[in-house]
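Peer 1: Numbering (the UniProt record's numbering), first residue to last: 1 to 1030.
Don't be surprised by glycine CBs; every beta carbon is placed ideally from N, CA and C.
Sharing a structure below in structure tokens format, with a few things to ask.
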Amino acid sequence: MLKTLAKRGTLSLLGSRTVAVLPRRARSLATVAVGDSPSTSPNSIFAPLDTFTRRHVGPRSADIDAMLASVGYDSLEAFVADAVPSNIRIEETINDEAIPPLSESELLARAKELGSQNKLFKSWIGMGYHNAVTPPVILRNITENPAWYTSYTPYQPEISQGRLESLLNYQTMVSSLTGMDIANASLLDEATAAAEGMVLAFGNAKGSKRTFVVDNGVLPQTLAVLHTRAKGLNINVVKGDVKQLLENNEIRDDLVGALFQYPNIDGAIENYSSLVDDIHSLKGLVVCATDLLALTMLKPPGEFGADICVGNSARFGVPLGYGGPHAAFFACSDALKRKMPGRLIGVSKDSDGKIAYRLALQTREQHIRRDKATSNICTAQALLANMAAMYAVYHGPQGLRQIAAKVHALTRVLKAGIEREGYVVKNKDSFFDTLTIEVASAEATHASALANGVNLRRIDEHTLGVTLDESATERDILTLMEIFSQSRAQRGLEASQAAKDLTRPQVLEEIALNMNLNRDTLPTLEIVSEKELQRTSKYLQHDTFNKHQSETELLRYIYHLQNKDLSLVHNMIPLGSCTMKLNSTSSMIPFTQPEWANVHPFVPIDQAQGYSKMIRELEDDLAAITGFSATSLQPNSGAQGEFAGLSVIKAYHESRGDGEKRNICLIPISAHGTNPASAVLAGMKVVPIKTLKDGRLDLEDLNAKAVQHRDNLAAFMVTYPSTFGVFEEGVQDACKIVHDNGGQVYLDGANLNAQVGLTNPATCGGDVCHLNLHKTFSIPHGGGGPGVGPICVAEHLVNFLPGHPLSPHGTSSSLTPISAAPQGSASILTISWAYIKMLGGKGLTDSSMLALLNANYIKSRLEKHFNVRFVNSKDKVAHELLLDLANFEEVGLKVMDFAKRLQDFGVHPPTCSWPITSAMLIEPTESENKETLDRFIDALIHIKGEADDIASGKADRNNNVIKNAPHSQASVAWSDEKWNASRPYSRQEAVYPLPYLYESKFWPAVGRVDDAYGDRNLTCSCPSVEEMAE
């Protein structure tokens, strides 16, 4: 081991500033990557050239100098001093000594080294997680393709038609396989999807009943998450044999719904039809957790009366990833569609009458309904849903049925072999892919399995489980048979000759042939003998699922859709409060590598040492960045982080004996809609706090309400910098008011990109914060997910961080889990870990500085033309700015008109109509250079000129280039006669308003989409060929 590594210095990239970088702290030889050197000289020939900061930040030195001059400063430090209040500034603790930077090659070597410490055993554990086989065409062209993973949630449908169509395929796939009327575009994981189903059932009872029953066969992680979600809403979760539970009159009288697993955790397949009828007679809702692959052979839940269907679609081509990210599905009956949580893709039409896709029924969502929303869900799992959808498109209905039948056939062969060995299969009469097996000593069998590189499901001393999947091979079945044979031998029992023969491939083949199991019989193979449970209905009949089975066709389909979507590969995406920064290729590499992708979430901890070390490093770095004591990475979205943080606060109050009475949460009216929605889920009552005309928090109103509710005050939620894009100077005063009245402060970390290295949530006065790793720390948005929303907490809250019943971590005071997997969406944590490690402390701080500078440069140029609504006392914004367009309403223009016109410039519109309805919230991030910013600014200024033409009467108020935007290729291909008759401006004005567009032009795929039509005529599955042709 090297005792120390000598100092290595670098020069800052930031303009003319020359800043000496602090030395790297000593590292063990084990952490020194390939190519690293103990050399101390910054001019050493051995120093790596592939440093990351210069690749991540967009502005070059000349850019920085020019932008500083534009905002009136000659140094970045002087500028930051006016942008960030001095009373919350921290010392330079986030530096390269605290977080030593790695070059890109060093990082990849380090990731490989840690990954090698994850043992790639073959896991047949099941429990909702399967070894998926990802078709290479999907892995390379969607999962690893920045055109798919760098796009944002499709709130602007005209430039999002590709992924909207793919997500519509996902919804069609789910509704078709489950037999339900409608499905959403994915949720976070199976457990939280089940919790959403429980909450919907509870809401459907309108508060008159509170008992939700859960069958014994439900996954344990799902049950645990149900308890977490039920607590805040005071729902009574009762587990047991549902048939027996419903014999209890007290339960019957108070029933809101029930949850079944189909097939259940032990593999058994039960007929729930009569039970469903009984529950419906009590006005309860039936939630069925199921397996999409099994439903190609089993009667779908919709056909036996289920109201809600949930599950995990990951076995459709999405790797294990130590628990995620995976796309959960949620489908329901038509009667519940307006209460369904999550995003929903619908079919509408554009301004030319052409079919177009869009997000439907948004009035259900938290950004509209706030504390009265059906759910706090914001982020979905779009990238993973698109993978699953493409998997179904690629295999088609026959291919999926063949895969399912093979999995079932191999399970039959394994069962026969085990029974020959003398073991008893408890669910021998009904199973799809899972066997529950009685053994004399489970420990001995597990020991034999581990010795053979295999994990089995641990149940009890005399029972274990085996779940097969698409990855199972003949060699895997032989290994499993060898394990059971060895276990028998360890007990001193002589194996029969037949059992010994089972280890020979030809004998195994003979068993299959004796059972008439071969490729020819797979299409007619049935899971169960009971006709009532066999699937007879057709599925996936739409043309999309039946014509892309060759790689050539699927590849072309993927790129056909991709070409309709604007992503970061085309231009900046300046969405306020979304931080659409670079998702570097180097940081994206590890998470799809086998050593990270193929680890089951419930393997013994010694098999995931690489994950454990990476997670600990990330937890420690995030704690240092936020100024807090500890981190939990379990929440798999920002909204989940909010719920987790508030639940930690509730647990803290309960530990002090005043948890019941402390239930008031103070939230500014400017807060993101997830804040009040999360507070309600955590069992709190929301009290709104006013903001002043200049955007600052009304401290007098806060003080008055804190004092008024001092005996009941639980928490105060505040976003910092504020959602208005300003560092408020009074944030510490606000936090003190809350603390003085017995409350805890939850600091929403959505805007942390403005803070890193300059201030932190702890210094601002917070007790807990959540972070968006898919914002500040570079996990891509994926077209609407995945995301990760970890929470960091002060010392007095550490013991209350979420635990998990299937993980050794946690304390007796830990919350029950927030997510299905102990580490949430673990595989994509490698992205944020890599991002932090490559930038190092100084690079992280420099990135925040440049994010501030880029936003203020945009302000300096636009404020001459538009109303920049809020600034601080030094006339500065933070990392984003709010452009108020209210004055244009007098000429008939609204925010969305400006947004649609920006699309004609190849620009993704900023966040629209939030946090105030008449404004755009603009966030450029540090990754964009000055040229890109100038093009965006020039586009807005040009549109302002077009608006002035309307105001002056030069352009028609109703028929003009803004109102008719965006202009698709199809529209400009109209005949001269049609164009001249309907458009009082030229084609050039419409689609080439600025010169740079002749060189590079992104075309909206459709004209302006009619939102109202889509909601009035709700269709959420693939339109037919005939409809497309109309």
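#1: Which of helix, strand or coil does DSSP assign to Arg-27?
#2: Hey, which unbroken runs of the beta strand (DSSP E) at 3 residues or more fall wholly within the region 418-458?
#3: Mapping the DSSP letters down to three states, classify Asn-312 as helix, strand or coil.
#4: Jot down the residue ranges of each uninterrupted beta strand (DSSP E) in the region 280-355, minimum 3 residues, whole runs only, in chain order.
#5: What residue does the beta strand (DSSP E) around His-770 start on, and which one ends it?
#6: Hey, which unbroken runs of the alpha helix (DSSP H) at 4 residues or more fall wholly within the region 206-255?
#7: Under the rule that 16 or more other beta-carbon atoms within 10 Å means buried, what is Phe-46, buried or exposed?
#8: Quick check on DSSP: helix, strand or coil for Phe-898?
#9: Find out if the Cβ-Cβ distance for the pair Val-756, Ile-922 is shorter than 7 Å.
#10: Which residues does DSSP pair with Pro-688 in a beta bridge?
#11: What residues in its chain sit with their C-beta under 6 Å from that of Arg-229, if we drop five residues either side in the sequence?
#12: Counting along the chain, where does the alpha helix (DSSP H) carrying Gly-638 start and finish?
#13: Taking contact to mean at least 3 C-beta pairs separated by less than 8 Å, is the region 624-643 in contact with the region 666-675?
#14: Pick from Asp-875, Thr-445 and Ala-404: whose alpha carbon is nearest that of Phe-431?
#15: Sort Asn-960, Gln-903, Ala-327 and Val-1009 by Cα distance to Gly-892 and report the nearest one.
#16: Would you please state the rounded distance, in angstroms, between the beta carbons of Asn-455 and Ala-447? I believe it to be under 8 Å.
#17: First and last residue of the alpha helix (DSSP H) that includes Cys-792?
#18: With distances taken from CA atoms, which of Ile-477, His-908 and Ile-483 is nearest Ile-511?
#19: Going by beta carbon distance, what residues of the same chain come within less than 8 Å of Pro-817, once the five residues before and after it are set aside?
#20: Identify, in the order they occur along the chain, each residue of the same chain with its Cβ nearer than 8 Å to the Cβ of Pro-397, setting aside the five sequence neighbours on each side.
#21: The alpha helix (DSSP H) with Ser-848 in it runs from where to where?
#22: Do Asn-872 and Val-726 have their CB atoms nearer than 7 Å?
#23: What did DSSP end up calling Pro-38 once you bin it into helix, strand or coil?
#24: Please classify Gln-903 as buried or exposed, where buried requires at least 16 other C-beta atoms within 10 Å of its C-beta.
#25: What do you get for Tyr-152, buried or exposed, if any count of 16 or more other CB atoms within 10 angstroms of its CB means buried?
#26: Hey, how far is the Cα of Val-84 from the Cα of Ala-990?
#27: Starting from the Cα of Trp-1003, find the closest Cα among Asn-563, Thr-830 and Val-648 and give me that residue.
#28: Compute the beta-carbon to beta-carbon distance between Ser-186 and Gln-381, rounded to the nearest angstrom, for a pair I have assumed lies under 8 Å.
#29: Looking at Asn-753 and His-879, is the spacing between their C-beta atoms short of 7 Å?
#30: Given Pro-668, which residues of its chain have a CB within under 7 Å of its CB, disregarding the five upstream and five downstream residues?
#31: By Cβ distance below 6 Å, which residues in the same chain neighbour Pro-721 in space, the five residues on each side in sequence not counted?
#32: Please name the residue, chosen from Asp-429, His-739 and Thr-776, that lies closest to Gly-766 on a Cα-to-Cα basis.
#33: Which residue spans inside the region 939-1016 form an unbroken alpha helix (DSSP H) run of at least 4?
#34: Apart from the five residues on each side of it in sequence, which residues of its chain come closer than 6 Å, Cβ to Cβ, to Ile-836?
#35: Give the straight-line distance between the Cα atoms of Arg-343 and Leu-164, rounded to the nearest whole angstrom.
Peer 2: Well, looking at it:
#1: Unreliable placement is indicated for Arg-27, whose pLDDT of 30 sits below 50; no coordinate value is reported for it.
#2: Every beta strand (DSSP E) of 3 residues or more that sits fully in the region 418-458 is shown, in chain order, as 434-438.
#3: Strand.
#4: DSSP runs (the beta strand (DSSP E)) wholly in the region 280-355: 285-290, 308-312, 328-332 and 345-349.
#5: Per DSSP, His-770 belongs to the beta strand (DSSP E) from 768-771.
#6: DSSP runs (the alpha helix (DSSP H)) wholly in the region 206-255: 220-233, 242-245 and 249-254.
#7: Exposed is the call here.
#8: It is helical.
#9: Taking the C-beta atoms as reference points, Ile-922 is found no nearer than 7 Å to Val-756.
#10: DSSP output for Pro-688 lists Ile-667 as bridge partner(s).
#11: In chain order, Ala-195 place their CB closer than 6 Å to the CB of Arg-229, counting only its own chain and leaving out the 5 sequence neighbours on each side.
#12: Element bounds for Gly-638: 638-655.
#13: Touching, yes, given that three or more Cβ pairs across the two stretches are closer than 8 Å.
#14: The option with the nearest alpha carbon to Phe-431 is Ala-404.
#15: The shortest C-alpha separation from Gly-892 is found at Asn-960.
#16: About 12 Å; that fails the 8 Å criterion.
#17: Unbroken run through Cys-792 is the beta strand (DSSP E), 791-793; no alpha helix (DSSP H).
#18: Here the closest residue by C-alpha is Ile-477.
#19: Taken in chain order, the residues that qualify are Ala-191, Gln-221, Ala-224, Val-225, Thr-228, Gln-634, Pro-802, Gly-803, His-804 and Pro-805.
#20: Cβ neighbours of Pro-397 within its own chain (closer than 8 Å, five residues either side excluded): Thr-296, Lys-538, Tyr-539, Leu-540, Gln-541, Phe-545 and Asn-546.
#21: Per DSSP, Ser-848 belongs to the alpha helix (DSSP H) from 829-862.
#22: A contact, by the Cβ cut-off of 7 Å.
#23: For Pro-38, the predicted structure reports a pLDDT of 43, less than 50, and the residue's modelled location is therefore unreliable. A value from the coordinates is still provided. Coil.
#24: Gln-903 is buried by the Cβ-count criterion.
#25: The residue in question, Tyr-152, is buried, as its Cβ has 16 or more Cβ neighbours within 10 Å.
#26: Near 41 Å, if we compare the C-alpha coordinates of Ala-990 and Val-84.
#27: For the residues Asn-563, Thr-830 and Val-648, the minimum Cα distance to Trp-1003 belongs to Asn-563.
#28: Indeed they touch by this definition, with Cβ atoms about 5 Å apart.
#29: In this structure, His-879 sits near Asn-753, with a CB-CB distance shorter than 7 Å.
#30: Closer than 7 Å at the Cβ level, and outside the excluded window around Pro-668, lie Ile-689, Thr-691, Leu-697 and Val-718.
#31: Closer than 6 Å at Cβ, skipping near neighbours: Phe-727, Asn-751, Ala-754 and Ala-878.
#32: With distances taken between CA atoms, Gly-766 lies nearest to His-739 out of Asp-429, His-739 and Thr-776.
#33: Within the region 939-1016, complete alpha helix (DSSP H) segments of at least 4 residues are found at 969-972, 976-982, 987-991 and 1011-1016, given in chain order.
#34: For Ile-836, where only same-chain residues beyond five positions count, the Cβ hits under 6 Å are Asp-621.
#35: Straight-line Cα distance between these residues: approximately 11 Å.
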